[in-house]
Amino acid sequence: MTIKTATLNGVATIEIARPEKKNALTLAMYQAMADALHAAAADQAVRAVLITGQPGIFTSGNDIEDFMARPPGQGGSNAEDSPVFQFMRALLACDKPVVAAVTGGAIGIGTTMLLHCDFVFVSDEARLAMPFVALGLVPEFASSLLVPQLMGHRRAAEKLLLGDPFTPEQAVDCGIATAVLPAGEVVNHARRVAERFNHLPPSAVQAAKKLLRAPQREQVLATIRTEGELFAQRLRSPEAMEAFQAFFQKRKPDFSKF
Ligand code: COA
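The sequence shown: position 187 = 195 (the working numbering), numbered continuously.
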């Protein structure tokens with residue numbers, strides 16, 4: 009099983025559990041997370057959602073083998089129907105509070121999904137990174153809009169153009185994360201925060217979250233669409249192929265010929 013779900017004490021937990029592949033996300037895993045988010049939204053007993061990973065790894069992002077074998081929009085299908093876009097839309101549509109426990113490395117969508125969570129607690133051993141460009145790709149999940157907004161163009165350029173990894177402390181400093189916790193405490197702390205919503209009026213919480221997100225909602229959706237079109241094109245580019253092959257051959261990519 010690669011996505012484990014459980015609802016306990018008002019909290020729906022979505023646990024990414026594919027440690028042998030560093031929690032890389034396959035299409036089936038995106039679909040399972042989208043389904044779990046919809047189920048949590050519909051379940052009256054759920055007051056908040058907790059997204060978590062495994063000790064030492066939150067997620068290494070999209071499964072690179074899937075990028076090569078099953079890119080969104082393959083064979084003329086609509087990229088927007090793909091499980092990854094369903095997951096993105098489900099997270100955006102979730103009016104219940106979403107708490108992330110970043111148990112370790114968070115790469116690619118592992119970091120960009122945090123932009124859409126309400127509380128983000130990061131293990132002091134985690135590293136975050138958005139290395140889209142180094143993979144021949146472009147930013148996704150509205151990160152090209154939200155990252156510069158959060159931290160300004162200078163710091164966004166380091167993270168989105170150079171793909172520089174950053175520490176949990178930097179993630180707090182630039183507004184991506186709420187707080188840094190010792191590795192052994194991050195999940196329990198995140199769970200305790202999620203459980204606080206058992207003591208708050210649920211309709212008021214959801215109405216407030218909707219209001220907080222409303223001013224940018226349309227712009228975020230439009231950005232996801234624009235990024236998604238470019239991303240799908242880039243996935244088929246020779247630059248991306250070189251980057252993916254280099255990853256599996258455990259060598260540095262060579263972009264000197266492009
Ligand atoms: N997609 C597919 N497989 C992945 C993966 C990914 N995103 N991330 C890790 N794996 C696989 C590796 O290929 C390896 O498989 P193998 O044991 O069959 O060789 C296994 O998971 C362990 O990964 P490894 O790289 O050996 O672990 P590490 O501890 O040295 O490094 C990471 C961990 C996360 C830093 C490294 O795996 C990495 O950089 N992954 C890719 C991240 C990425 O670029 N994601 C896409 C963002 S858009």
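For every residue, glycine included, the Cβ atom is placed at its ideal position computed from N, Cα and C. Everything numeric in this text was worked out from a predicted model, so none of it was measured.
The beta carbon of E23 lies closer than 6 Å to those of K12 and T60 in the same chain, with the five residues before and after it left out. A202 and Q94 have their C-alpha atoms spaced approximately 24 Å apart. G112 is bridged by DSSP to G64. In the DSSP assignment, A101 falls within the unbroken alpha helix (DSSP H) covering P91 to A101.
Burial is judged here by how many other beta carbons sit within 10 angstroms of a residue's own beta carbon; H161 has fewer than 16 and is exposed.
Between the stretch 37 to 50 and the stretch 183 to 197, the count of C-beta pairs closer than 8 Å stays below three; the two stretches do not touch. By the neighbour-count criterion, in which a residue is buried when 16 or more other Cβ atoms sit within 10 angstroms of its Cβ, G112 is buried.
Shown here for F174: same chain residues with a beta carbon closer than 6 Å to its own, the five before and five after excluded, namely L136 in chain order. Of the candidates A101, L229 and N86, L229 places its Cα closest to the Cα of L154. Using a C-beta cut-off of 8 Å, the stretch 105 to 124 makes contact with the stretch 192 to 212, since at least three inter-stretch Cβ pairs fall below that distance. When distances are taken from the beta-carbon of L143 to the heavy atoms of the ligand COA, the shortest one is below 8 Å. Restricting attention to beta strand (DSSP E) runs no shorter than 3 residues, the stretch 128 to 202 encloses them at 187 to 189, ordered along the chain. K30 has its Cβ nearer than 8 Å to a heavy atom of the ligand COA. Taking a C-beta distance under 9 Å as the contact criterion, P91 and A240 do not qualify as a contact pair. For V228, the enclosing alpha helix (DSSP H) begins and ends at P210 to L243. For R221, the closest C-alpha among the options L33, C102, T10 and Q82 is that of C102. In this structure, the ligand COA has a non-hydrogen atom nearer than 8 Å to the beta-carbon of E73. Secondary structure at N70: strand, using DSSP grouped into helix, strand and coil. Short note on N70: C-beta closer than 8 Å to some heavy atom of the ligand COA.
At least one heavy atom of the ligand COA is found less than 8 Å from the C-beta of I117.
The criterion of a C-beta distance shorter than 9 Å is satisfied by R242 and G144. Checking the 8 Å criterion, the Cβ of F174 is out of range of every heavy atom belonging to the ligand COA. Collapsing the DSSP output to three states places A36 in a helix.
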